[in-house]
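Numbering (our numbering), first residue to last: 19 to 542.
The next block holds one structure in the form of structure tokens; read it before the comments.
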């Protein structure tokens, strides 16, 4: 095999630390996953002070006691399409897009009244994503040593919840309720990326990640009738995990091209890939094992060192952020034909601290990666939902609303990310290790040289429009939801750093989601 330079080896070791730390969890960059139910979706989720049908079990079970009749609600058909665009990421006019389309039931539930008690059971699909695409980019402007970048990206994510709800009428004006949901959260992602240089050298990176997390989410709620035309509702929810599993593998073959700085290191002669040329990381979400070729070690003097066999704490986690959410709101109904509702939603931040170390079984090397799980680190968000309902006739009803969906990702500084990218491109990285004496080393993976574990920061807004037909016994409605950045707001964060050849700078991001929900309900 051709001999690599020290600098090349130094950069590669950093790259593999960075690859190992990437967030391969679900697209959980926002606190509000969606809108559920026939009436609640049309009102943009402003439902905590109403909640008098089966979907109220999700928003505020305390309002179920004010239901007028037993009912079954089926939002049987929900189609959503999402587009994420990363502007000028590969060069001027060379953007990168990811698209998802999915079709599934939205909410199915039943509600039964037993005097002062109300029992409900609901099934809710809270998240469904299906990204599946293959892209080719020729002569990317920002990477002049490359002739093309090929990227195959598949990502499937789902979360469903099901469980019973019980509500009790404390007085004519006050109701209390509790829902207990079991949830199953799954994520599966595969990324195959290849960069090809002018002399036919290449670098490839394959990432496979599968995660399953199970748990329960209780929801506690109260609803109080303030007067003939005004009601108030409040609910609190939080997830608890009882089962989790994750398997992550990263395989890199960086022998012909430095996949971080894109400087060709190949020769004109071809050398077949050997097992020792692969850099392989395997993680279970708690521990990691890692094979690292000798030339990838960051030390200048490799005398006496061998290929690395590294084990230790995984920077990736099989958990999901366990954040409490408080929702409260008011509903104003001055006449039987008109209703106005507003909700305020506060979602707390989350962080999980832990010193993450790895050791090399073949060499006297200790790796210190971080003091926390950065992919689980969220900031708190405050959102608002506002909706109205108006009966055009006795049976035809129109609903519309507006809501915000702020990002729970920490700020991504585009200027800082650009500077880091330029430093890496100039191969000016400081040595990521210190000698501890007796031929021992401590290696530190500086988080500032990584693509952030949570690599999207974009604040969203949404609008809803629904039309329905209702009788005393049944109802049918069609709801359209648009969610994107900058509907009414002219400012807000919109930065993304997608996983594509581990590009180290942040680009401007656009987001758009369209959802159509067909719902039906029966009262008896």
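All C-beta atoms, glycine included, are put in the ideal place defined by N, C-alpha and C.
* Closest by C-alpha distance to residue 200, when choosing among 250, 208 and 177 -> Within the chain shown, the letter at position 182 stands for residue 200. Out of 250, 208 and 177, 177 has the C-alpha closest to the C-alpha of residue 200.
* To do: Take residue 446 and list the residues in its own chain whose beta-carbon comes closer than 6 Å to its own, dropping the five residues that flank it on each side.
  => Translated into positions along the chain shown, residue 446 becomes position 428. In this prediction, residue 446 scores a pLDDT of 45, lower than 50, which makes its location untrustworthy; the coordinate-derived value is nonetheless stated afterwards. Same-chain partners within the cutoff: there are none.
* May I ask you to list the residues that DSSP assigns as paired with residue 345? => Within the chain shown, numbered from 1, the residue matching residue 345 stands at position 327. For residue 345, which the question treats as bridged, DSSP gives the partners 253 and 363.
* Just reading off the alpha helix (DSSP H) that residue 57 is part of, what are its end residues? -> As a working note, residue 57 is residue 39 in the chain shown. Element bounds for residue 57: 56-60.
* Nonlocal neighbours in the same chain, by C-beta distance under 7 Å from residue 287, ignoring five residues either side -> As a first step, residue 287 is located in the chain shown; it is residue number 269 there, counting from the start. For residue 287, the predicted model reports a pLDDT of 32, less than 50, meaning its position is unreliable and no value from the coordinates is stated.
* N-terminal and C-terminal residue of the alpha helix (DSSP H) that residue 77 is part of -> Numbered from 1 along the chain shown, position 59 holds the residue referred to as residue 77. Residue 77 -> alpha helix (DSSP H) spans 74-77.
* **Reference residue 212; option with closest CA among 223, 203, 206 and 204** => In the chain shown, residue 212 corresponds to position 194, counting from 1. The residue with the shortest Cα to Cα distance from residue 212 is 223.
* To do: Might you give, ordered along the chain, the residues of its own chain that have their beta carbon closer than 7 Å to the beta carbon of residue 131, omitting 5 neighbours on each side?
  => Taking the chain shown and counting its residues from 1, the one referred to as residue 131 is at position 113. Same-chain partners within the cutoff: 85 and 88.
* Of the residues 404, 360, 325 and 260, the one placed nearest residue 377, counting alpha carbons only -> If you number the chain shown from 1, residue 377 lands on position 359. Per the Cα distances, 325.
* If you count every other CB in all the chains shown that lies within 10 Å of the CB of residue 499, and 16 or more means buried, which is it? -> For the purposes of this step, residue 499 is taken as the residue at position 481 of the chain shown. Buried: at least 16 other Cβ atoms inside 10 Å.
* To do: Enumerate in chain order the residues of its own chain whose CB-to-CB distance from residue 492 is below 8 Å, with the five nearest sequence positions on each side excluded.
  => By one-based count along the chain shown, residue 492 stands at place 474. These residues qualify, in order along the chain: 538, 539, 540 and 541.
* **Nearest-angstrom Cα separation, counted from residue 57 out to residue 129** => Here residue 129 refers to the residue found at position 111 of the chain shown. Here residue 57 refers to the residue found at position 39 of the chain shown. So the two alpha carbons sit approximately 15 Å from each other.
* To do: Apply the 10 Å Cβ neighbour rule to residue 280 and answer buried if 16 or more other Cβ atoms are within range, or exposed otherwise.
  => In the chain shown, the residue the question calls residue 280 occupies position 262. Bear in mind that the predicted position of residue 280 carries a pLDDT of just 34, short of 50, making it unreliable; the figure below should be weighed with that in mind. Buried, since its Cβ has 16 or more Cβ neighbours within 10 Å.
* Taking only the alpha-carbon atoms, compute the straight-line gap between residue 506 and residue 235 and give it to the nearest angstrom. => Here residue 506 refers to the residue found at position 488 of the chain shown. Here residue 235 refers to the residue found at position 217 of the chain shown. Whole-angstrom Cα-Cα distance: 33 Å.
* **Three CB pairs or more closer than 8 Å across the region 336-356 and the region 243-257** => yes
* CB-CB under 6 Å to residue 146, same chain, minus the five flanking residues each way: which ones, in chain order? -> Walking along the chain shown from the start, residue 146 turns up at place 128. Correct list, in chain order: 120, 122 and 176.
* Asked: Which whole-angstrom value describes the C-beta separation of residue 81 and residue 74, a residue pair presumed to lie in contact below a C-beta threshold of 8 Å?
  -> Position 63 of the chain shown, counted from the start, is the residue given in the question as residue 81. Position 56 of the chain shown, counted from the start, is the residue given in the question as residue 74. Correct: roughly 5 Å between the Cβ atoms.
* Asked: Thinking just about the alpha-carbon of each residue, which of 171, 170 and 155 is nearest to the one in residue 164?
  -> In the chain shown, counting from the first residue as 1, residue 164 sits at position 146. Minimum Cα distance to residue 164 is reached at 155.
* Integer-rounded CB distance, given that residue 159 should sit under 8 Å from residue 110 -> Taking the first residue of the chain shown as position 1, residue 110 is located at position 92. Taking the first residue of the chain shown as position 1, residue 159 is located at position 141. Indeed, because the Cβ distance is near 6 Å, the residues count as touching under 8 Å.
* Considering only residues of the same chain and omitting the five flanking positions on each side of residue 105, which have a CB-CB separation below 8 Å? -> Sequence index remark: in the chain shown, residue 105 carries index 87 (1-based). The answer, listed in chain order, is 113, 525, 526, 527 and 528.
* Apart from the five residues on each side of it in sequence, which residues of its chain come closer than 8 Å, Cβ to Cβ, to residue 259? -> Numbered from its first residue, the chain shown carries residue 259 at position 241. For residue 259, where only same-chain residues beyond five positions count, the Cβ hits under 8 Å are 231, 232, 233, 337, 338 and 340.
* residue 396 classed as buried or exposed, judged by whether at least 16 other C-beta atoms fall within 10 angstroms -> Looking up residue 396 in the chain shown gives position 378. Classification of residue 396: buried, given that the 10 Å Cβ count is 16 or more.
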